[in-house]
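Residue numbers (the working numbering): 2 to 212.
Shown next as structure tokens:
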């Protein structure tokens, strides 16, 4: 990983807590494909966990750094979805958008990890002070994880407007899954504006060696 900005966990939290506008990425010219791809991947994760004779199964989904929860909120009618957002005003907007969702404001880097069936980390890790430490603490609590982030982004020009703390490379991306003992089951690569994004689903395995 290449550090783009010097921030500790509290500084990263304060930076995102002070964002003025809550952004909905569904329908956005550059971001909508990522949202739709991520939703479809989460749907495949949920389908993989159903019992063969079960018409419907109820799972716990956590979306860390949820913003307006374009991904997790979509599943909140049929599952227990918890969204964690740094900005309390944005958290309130998210609750209004997805009335069946449990939205909490807080610092995901300092709070106690929560056990879940699916952990969604889409466009989140590059914003944190220590993404690897986060993965080592949170991923072992999740049966499945869906991660997306730009690969080698912002090395020439910081297109994030200062929001990204790190530029993440291919090896970093796969190491995130290893940190929690997850095997990558699916991976997609696609262009998103000026970024090349990777999106992957990992499943925790008993025989996977953690970093």
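Just so it is clear, CB atoms sit at the ideal spot from N, CA and C, and this is done for glycine as well.
For clarity, every value in this text was computed on a predicted model and none was experimentally measured.
Check	Outcome
Quick one: is residue 206 near chain C, going by C-beta distance under 8 angstroms?	In the structure shown, chain C does not exist; there is a single protein chain.
Counting only the same chain and skipping the five closest in sequence on each side, list residues whose C-beta sits under 7 angstroms from that of residue 39.	72, 123, 147, 149 and 200
How far does the beta strand (DSSP E) with residue 44 in it extend, from its first residue to its last?	Per DSSP, residue 44 belongs to no beta strand (DSSP E); it is in the alpha helix (DSSP H), 33–50.
Could you pull the start and end residues of the beta strand (DSSP E) that residue 193 belongs to?	183–193
Taking Cβ positions, are residue 108 and residue 10 nearer each other than 8 angstroms?	yes
Does the Cβ-Cβ distance between residue 181 and residue 205 come in under 8 angstroms?	yes
Would you tell me roughly how many angstroms separate the C-alpha atoms of residue 61 and residue 160, rounded to the nearest one?	34 angstroms
Nearest CA to the CA of residue 245: which residue from 167, 168 and 184?	Since the displayed the chain opens at 2 and closes at 212, residue 245 lies outside it and no answer follows.
Go to residue 8, then tell me how far its beta strand (DSSP E) extends in each direction, as first and last residue.	Element bounds for residue 8: n/a, residue is neither H nor E.
With the cut-off set at 8 angstroms, would you say residue 42 and residue 202 are in Cβ contact?	yes
Would the beta-carbon of residue 166 fall within 8 angstroms of that of residue 17?	no
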